[in-house]
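Let me begin by presenting the structure, written as structure tokens, before commenting on it.
There are 2 protein chains.
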Amino acid sequence: MDSKAPLDVIAASLRRERGRAGLSLTEVAKRAGIAKSTLSQLESGAGNPSVETLWAISVALEIQFADLLEPPRPKVQVIRANEGPAIYSERANYSATLVAASPPHARRDLYRIVVTPGPGHESRPHMPGTIEHVVLSTGRALIGPLDEPVEMYPGDYIAYPGDVPHLFKALVANTTAVLVSETS
Amino acid sequence: MDSKAPLDVIAASLRRERGRAGLSLTEVAKRAGIAKSTLSQLESGAGNPSVETLWAISVALEIQFADLLEPPRPKVQVIRANEGPAIYSERANYSATLVAASPPHARRDLYRIVVTPGPGHESRPHMPGTIEHVVLSTGRALIGPLDEPVEMYPGDYIAYPGDVPHLFKALVANTTAVLVSETS
DNA sequence: CCCATGCGTTCGATATGGCGAACATTAGAT
DNA sequence: ATCTAATGTTCGCCATATCGAACGCATGGG
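Same order as they appear, the protein sequences are chains A and B. So in the numbering used here, spot 7 of the first sequence is number 1229, and the numbers just go up one at a time. So in the numbering used here, spot 40 of the second sequence is number 1262, and the numbers just go up one at a time.
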């Protein structure tokens, strides 16, 4: 469950962002071209704003529309190379450790990848709209969509659609990478 | 400008996602507990939905609320280790290459970091709500908030608030890392 | 002191978003 | 061929989100 009334989230974001901008409610309402009464109600969690209203406000506050719908903030966390907490490994010669899941319904997972030479790892398509970003840390590998993989060297970066079959095949021993799986 | 009437974006997303789910307009409306007339109007770009309505639909479609406000999709891209396109380097012994900027107003940038031993690199706070994720690729480094840095080894992962002063100090030569800067 | 100017809240009037029924359309079954 | 059961669209009514004005409360200037 993600629920958590979006109206409350919006209300909180509204106050927070307005405070951040150092603007008065009156001023924001004026800039947004809406009645300050409306804004007042929204900030107090009452009401059920229309998209137009929210849009006007987000413009007035000079923030991204979606920023009004995203909650708060996190902390500090360390995961050592060996002690993968959430392990997600597959084939014998391929291991992916989830180091940072997208909280709570964010849109990006961060994996540490370790692969040894072998048949290579083929991934079935993920969620539509997924993009994978890979930076090769050490070794050498063939990475990318099945039909057009790219030979990667340490430091190289590649991004490709994750919603089509794709490959990660180590060409030498001790091949490691960082993978960011980003959903639309 | 990012503008681009959100109503059109929503309309498009609505049709797209419903198609993806293989559901009928009637079915989605039923699940969402809204009138199908309402949904019909929204999909045709008419109307100005309230947050409650959108929320109900996003639940019915089993997608993220914000997914209704985000446009389309990307492609395949490779950046070699040397040929950093957008270079963002600072001190002599610290270089950060932006390999994947958040498009168009997404919320995460991907950097490749190369540091040599020296005084260390201190970053002033970024945007409030920023989180930085680092996976050390090679070498050894002291990373984290100024007041509690952590000694990192290859493969180690750390996340910390990016909106407070923080440090990246290489302890040995040939220290490289991948950094994901994620804004709220 | 008192009035002016800013703030954010509350309240009635009105514009409009959402609902449900009726609608046109197509597909399948009898 | 007609009848049934889906689809998505259009329309009038009602609930309500938004507006504008009035309000209470702080400051600060005359």
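Yeah, the Cβ is synthetic: ideal placement off N, Cα and C, and Gly gets one too. For clarity, every value in this text was computed on a predicted model and none was experimentally measured.
* Per DSSP, the bridge partner or partners of A/PRO1383 -> A/ILE1353
* **Cβ-based neighbour list, A/GLY1267, same chain, cut-off 7 Å, excluding 5 preceding and 5 following** => Same-chain partners within the cutoff: LEU1229, ASP1230, ALA1233.
* **Neighbour-count burial assignment, B/ALA1257, 16 or more Cβ in a 10 Å radius** => exposed
* Could you check what DSSP says for B/VAL1336 in three-state terms: helix, strand or coil? => strand
* To do: Note the first and the last residue of the continuous alpha helix (DSSP H) segment covering A/THR1260.
  => 1258–1265
* Asked: Should A/ASP1378 be labelled buried (16 or more other beta-carbon atoms within 10 Å of its own) or exposed?
  -> By the 10 Å Cβ count, A/ASP1378 comes out buried.
* Could you check which residue in B/PHE1287, B/GLU1274, B/LEU1236 has the C-alpha nearest to that of B/SER1262? => Checking every option, the nearest Cα to that of B/SER1262 belongs to B/LEU1236.
* Nearest-angstrom Cα separation, counted from B/ASN1270 out to A/LEU1276 -> Looking at the two C-alpha atoms, the distance is approximately 11 Å.
* Asked: Secondary structure at A/GLY1366, three-state DSSP: helix, strand or coil?
  -> strand
* **For A/ARG1242 and A/SER1280, the rounded distance between their alpha carbons** => 13 Å
* At a CB-CB cut-off below 7 Å, which residues of chain A make contact with B/ASN1396? -> Residues of chain A passing the Cβ test: none, with the nearest at roughly 10 Å.
* Consider the Cβ of B/SER1403: report whether some Cβ of chain A lies at a distance smaller than 8 Å. => no
* If you compare alpha carbons, which of B/GLU1370, B/SER1246, B/ILE1335 is closest to B/HIS1388? -> B/GLU1370
* Contacting residues, own chain, Cβ-Cβ under 6 Å from A/SER1345 (five flanking each side not counted) -> The beta carbon of A/SER1345 sits closer than 6 Å to the beta carbons of HIS1388 from its chain, once the five residues preceding and following it are set aside; these are given in chain order.
* To do: Please check if any C-beta of chain A sits within less than 8 Å of the C-beta of B/ALA1288.
  => yes
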